[in-house]
Amino acid sequence: MENLIWLLPALPLFGFLLLAFLGSKFNREAIAFIGIGSVSLATIVSLYLAINFISSPPENGFISQTLWQWMQVNNFKVTITFHYDALSLVFVFVITFVGALIHLYSTEFMAHDEYYSRFFAYLNLFVCSMLILVLADNLVLLYLGWEGVGLCSYLLIGFWYKNIKNGIAAQKAFIITRIGDTSLAIGMFLLFKEFGTLTISEISQQAVSHSSSSITLIALLLFGGAVGKSAQLPLQTWLPDAMAGPSPVSALIHAATMVTAGVYLLARMHTIFELSPAAMHVVAAVGAATLLIAATSALAQKDIKRVLAYSTISQLGYMFLALGVGAWWAAIFHFMIHAFFKALLFLGAGTIIEAQHHEHNMFNMGGLKDKLPTVFKTFVIGSAALAALPLISAGFYSKDAIIWYSLTAQNGSPLLWLVAIIGSFITALYTTRMVVLTFYGTSKTSLSYQPGVRMHIPLIILAFLSVFAGFIELPHNFGHVTLFSGFVGKALPTTLLKIEPSESLFQLIAAIVCLVGILLGWKLYSSNREKVIDLESGGLFKFFFNGWYFDNLYKVLFQQPYFFLARINKNDIVDKSNDVIVGISSWLSNQLATSQTGSMRWYVMGIIAGAIMILTLQLVL
Amino acid sequence: MISNLSSDYVFLLAAILFALGAMGVVIRRNILFMLIAVEIMLNSAGLAFIAAGAKWAQADGQIMFLFILSMAAAEVSVGLALIMQIFHQHKTLDVDELEQLRGDRK
Amino acid sequence: MILVLLIVVLITGGILAWLIGYFIPNASKWIALLSCLIPFLITANLWQKLSYEIILGESSSLWLIEINTPWIAQLGINFHLGLDGLSLSMLLLTFFLGTMAILCSWKEITAKQNFFYFNLLWVLSGITGVFLALDLFLFYFFWEVMLIPMYFMISIWGSERRIYSSYKFFLFTQASGLLMLLAIIALYFINAQSSGVYTFDYDQLLISTAKSPYSLLIAIGFFIAFTVKLPLFPFHTWLPDAHSEAPTAGSVILAGLMLKTGAYGLLRFVLPLFKDEAIQISNWAIVLGVISILYGALQAFGQTDLKRLVAYTSVSHMGFIVLGVFSFNELAMQGVVLQMITHGISTAALFILAGMLKERLHTRDINQMGGLWTLAPQMGSIGLVFAMASCGLPALGNFIAEFLILLGAFQTQPIYTMVASLGLVLSAIYSIRMMQKVFFGEYQSTINDFKWREKTIMGLLTIAIVFVGLCPQPIITMLQSTVNSSLKLESKQKLKLESSIKQQIKYIKK
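In structure tokens, the structure reads:
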């Protein structure tokens, strides 16, 4: 079975190449077939590998396959090697499975788009890069996937390139994530300096016996990469703008997979992070701050996709909080559940927008409950998972674990727990706001289009998963199912608890907070819509609406100075130094030219004077 | 034969003639007189050569004078032809009017 | 002999193209193409043959192929050519890009075709000579050979400001060349004073132990000569003018090859001949390199002329080379050579693309472009590939080069390398700005997509850059011995041993 790993990225890559080179020659059916086919085949391969892996686990916990030697200079050796273990398995499964569903959805969503084949080519390339990222055995290969997904994200955000706004959003995403990437790259340089290798397993082996002061620095630099990719504080500003891309793209890249690459990176490099409690504290603090800032921002958005974008940032904040406190498996579990329900919500939002003449503003929606029944039902299920509705939603089980660990795990603290619980309250509030504004009340916009079966199937499957996927991991005070943590635990360290207060009590608090949030939301937003607009016209809401003015801050701090420098120095100030030389030469030339009077007499005088001078010199010397 | 002393006088005469010629070139405004002054300079040099040849009893001095003589003849013919041309084109022989040698200063 | 053949083919090809072009105008380009393809095939064949030898470790000497005959014996000047892994890779690049340059001027050059191809081939022959010469005088000779035809190429076939640019190019390179000549002559006499042998020979000078108080000055002379060509930060101002005004083929050769002769000079002469001095100036060099990286990127971002933009990206990328060379690390050194190759390919592609756009739109101003993807998706895709290459996207060659340089440099110069890494962000900024301005947005002008000739050029360049990005190992292996010898002191001793053996053999023969 190890011979099959290469197929995972190779199949989408093949699809990409086919579409990129011959895309214009195929008709739409063939394009859709290739696009879905390559990813579906990859899904089948991933399921086959997963079943094999679970039924007959390899001895050392992973399978690897080396394709070829990439580069070797002296002791620096990098191969194209795939490393398949429990952690990769989860990611590969989510990427291929959710990816395939989103491809299916896209065939209908993009059905009338001019650039059908380009879209699927990019999507396939994305799936390929993402799979390389999570399967990479060394950091250089991981970086290849990392940059590859960044490129695809850039291309897909700016997919409708004729509108300049999309282009700006795409550039923003690329540049801001690139800042994180650079931090990751520097982290890799430092890792190589310390360990002499960039192969992850070798680093992990050496790290245990390695005591170096630079470990914290390495961890923080790696985390810098994750911050960029996963839109955490302070590089979170690109994600809300990234919603300029088509909705399936937002679902796949900016919710389910790419933005969680940072979570994957930290989980993968957990040995480094475990050695540095300081770095772990930073991770947890950044996660907590992000989740709060993003949640409040989500509360004030008017564009449905921007609500979801901020909620993604916020949920990613939960994952980083979990990683930071040392609840490794909880983060991965939340990643999986989040991938299901957030993809569902984005796809649902995409359908709603598509069905309403591309209306993004929730205040112009309403009353869609009866018009789009299937979308409504699935969307509500997804929202329940996002709000972590107790007991019946998968989101509850994953998020509750994080909240619980943020208090009790190694690096947990009451403050983190408090932030997490407040975040969960705001989450419930904005989720309810979104659902109520979109589906209830009176209809504002007429329906332009009824979604078909290819849009409904992914919604239904994802809704199913958003409910039932949670049951594979139940807290030990009721149910005590540890299928997921037990499985992923093979690849990740176990979560150590420092205190053990009554878990039921805290679950109860979390559940009550969530329910209060939902009820409050219902009460506030299902009333008269004018009142709601009134309520949200305050200064605080404006502050939240603009995402705490991070964009404006960066504009003043970085963008404008850089633009200014580039503009004033367009003609290159250094070039002026040549003008100085040129100036001196031409000045001297002018001085000499004045002696050239044209009068014969002067010249003869000159000759005679010169002759006398030479003769005198001859006599004197 | 002339004595050493007298040859020194000849040198002195040559020098004075040369200086006079040079003065003439510098001071004169008429180009024809400048040419004559140049001739005087040339002949002073010739005189110096002859005197030197006589003093050291070498034939070189006289040979050089022959060279100078023939060159002066050629120079006068070319010079006069040029002066004719200049007069034709500018209707003047005043050098101060003829500042054509000055380059185009930018 | 085969090395002489490479140069001779180009020189005679140039003369033939010139002469025959008078009678049959269209023949000159075919002659040029042919006389560029022949050396390319010869080098490719050599590569294949020699890579086996290298892997098996059969070649005992540093030089895989060598030819050495007296030229001006009275002054100790030899016609000494030598080929090692470094020169071989550079030659392969030279002929590859030379072919591309000829193909891309196929339709662009209509006036005085024959003289154009003459100049082009002579530039190439000069570059070939520079990459092969092992006699410092000969090296200087070829250095000048490559300069003058280039001057003609810019001043005759350039665009509006061609006279200004060609003067500037000529003066900068000539002034720096003068510095090099002085340094070479000084080296010559210093060596002669200590050893009594008047020689310009590289191998001899390499083992010379002559020390003089002026060696730092001499090293700086070489350094400036090469970094003006490279170009490094304060000396870079000739480059944007020359690149933007030159015809496409001229820009391709300038950026793709001529800049590399500067880097080659640093690797071949400055490091091995002036080990200690190089260490002395390394800090300054690195600072300038880092400034180049950032300044070039900033300037590239500010430009509106597409070719000027690409020219400034070259400044930025060449900064990486200086950083790599002066961090004295094997990884970085490998990265430097790879950077020379990949930057050659990617920048050539961008210049060719700019040339094609200019042919179609008659402007280089990116504000007048936009939305070209709609009508020319193939052009857009290729533009995307090479824009990404220039911002160092993995799987494309430039990534390998820049990554190795930074990784290597970090081991010795962590702080500077961290600052230099900012270049990764800035390069992303200018690359995607270029993409946005040229290919995205609403379209303003009609444009035709690639024709078969253009498709061939771009296809080959793309294959090359992807190949280097995914399988750089053959090149790395080929360069191993050169990189080691330009870094390590012990190999110097080995060389000394070798040459003494050689001399003994000579005595025995006598």
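Protein chains in written order, with this note's numbering: chain A, 43 to 663; chain B, 172 to 277; chain C, 153 to 662. We put the beta carbon where it would ideally sit given N, CA and C, even for glycine.
I'd like to know if residue i contacts chain A, where contact means its C-beta is closer than 8 Å to some C-beta of that chain.
i                 : result
Thr263 of chain B : no
Gly454 of chain C : yes
Leu406 of chain C : no
Ser573 of chain C : yes
Leu450 of chain C : yes
Pro626 of chain C : no
Trp170 of chain C : no
Glu594 of chain C : yes
Thr389 of chain C : yes
Ile584 of chain C : yes
Gly476 of chain C : no
Leu613 of chain C : no
Below 9 Å on C-beta distance, what does residue i contact in chain A?
i                 : result
Asp267 of chain B : Ser641, Met642, Arg643
Gln563 of chain C : Phe231, Phe234, Lys235
Glu397 of chain C : Within 9 Å Cβ-Cβ: nothing; Glu397 of chain C doesn't reach chain A, min ~14 Å.
Would you say residue i and residue j are within 8 Å of each other, going by their C-beta atoms?
i                 : j                 : result
Phe378 of chain C : Gly329 of chain C : no
Ile504 of chain C : Val404 of chain C : yes
Leu50 of chain A  : Val87 of chain A  : yes
Ile295 of chain A : Cys170 of chain A : no
Is it buried or exposed for residue i, if we count other Cβ within 10 angstroms and need 16 for buried?
i                 : result
His291 of chain B : Nothing can be reported for residue 291 of chain B, as the shown portion of chain B is limited to 172 through 277.
Met112 of chain C : A query on residue 112 of chain C cannot be resolved here, the shown segment of chain C reaching from 153 to 662 and no further.
Trp629 of chain A : exposed
Leu460 of chain A : exposed
Val622 of chain A : exposed
Glu150 of chain A : buried
Ala262 of chain B : With the sequence shown as reference, residue 262 of chain B is identified as Lys, and Ala is not the correct amino acid for it. The residue in question, Lys262 of chain B, is exposed, as its Cβ has fewer than 16 Cβ neighbours within 10 Å.
Asn613 of chain A : exposed
Taking Cβ-Cβ distances shorter than 8 Å, what residues in chain A pair up with residue i?
i                 : result
Val197 of chain B : Arg643, Val646, Met647, Ile650
Ala193 of chain B : Val646, Ile650
Pro386 of chain C : Val616, Ser619
Gln486 of chain C : Val115
Are any of the Cβ atoms in chain F nearer than 8 Å to that of residue i?
i                 : result
Ala303 of chain A : Note that chain F does not occur in the displayed structure, where the protein chains are A, B and C.
Would you mind telling me which residues of chain A sit closer than 7 Å to residue i, beta carbon to beta carbon, in chain order?
i                 : result
Gln588 of chain C : Gly209, Gln213
Met570 of chain C : Ile228
Is residue i close to chain C, meaning its C-beta is less than 8 Å from at least one C-beta of that chain?
i                 : result
Gln111 of chain A : yes
Ala608 of chain A : yes
Val176 of chain A : no
Asn166 of chain A : no
Asp447 of chain A : For the record, residue 447 of chain A in the displayed sequence is Tyr; it is not Asp. No, because no Cβ of chain C sits closer than 8 Å to the Cβ of Tyr447 of chain A.
Thr224 of chain A : yes
Gln114 of chain A : yes
Gly200 of chain A : yes
Lys486 of chain A : no
Strictly below 7 Å CB to CB, what residues from chain C border residue i?
i                 : result
Arg220 of chain A : Leu576, Val577, Ala580
Going along chain C in order, which residues have a C-beta closer than 8 Å to the C-beta of residue i?
i                 : result
Val495 of chain A : Simply none; closest approach about 32 Å.
Leu193 of chain A : Met540, Leu545
Gly270 of chain A : Those within 8 Å of Gly270 of chain A in chain C number zero; the least Cβ separation is about 10 Å.
Give the residues of chain C in contact with residue i, contact being defined as C-beta atoms less than 9 Å apart.
i                 : result
Gly304 of chain A : In chain order: nothing, as chain C lies at least about 17 Å away.
From the beta carbon of residue i, is the nearest beta carbon of chain B less than 8 Å away?
i                 : result
Leu657 of chain A : no
Exercise. Which runs of the alpha helix (DSSP H), 4 residues or longer, sit entirely within the segment 171 to 219 of chain A?
Worked result: 181 to 199
Exercise. For the segment 399 to 471 of chain C, which segments carrying the alpha helix (DSSP H) assignment without a break, of at least 4 residues, lie completely within its bounds, in sequence order?
Worked result: 400 to 405, 411 to 417, 427 to 454
Problem set entry | Ordered list of alpha helix (DSSP H) runs contained in the segment 327 to 372 of chain C, each at least 4 residues | 354 to 359
Exercise. Where are the beta strand (DSSP E) runs, 3 residues long or more, that stay fully inside the segment 63 to 143 of chain A, in chain order?
Worked result: 104 to 115, 118 to 127
For this session: Pick out the complete alpha helix (DSSP H) segments inside the segment 196 to 276 of chain B, 4 residues or longer, and give them in chain order.
Result: 202 to 227, 231 to 261
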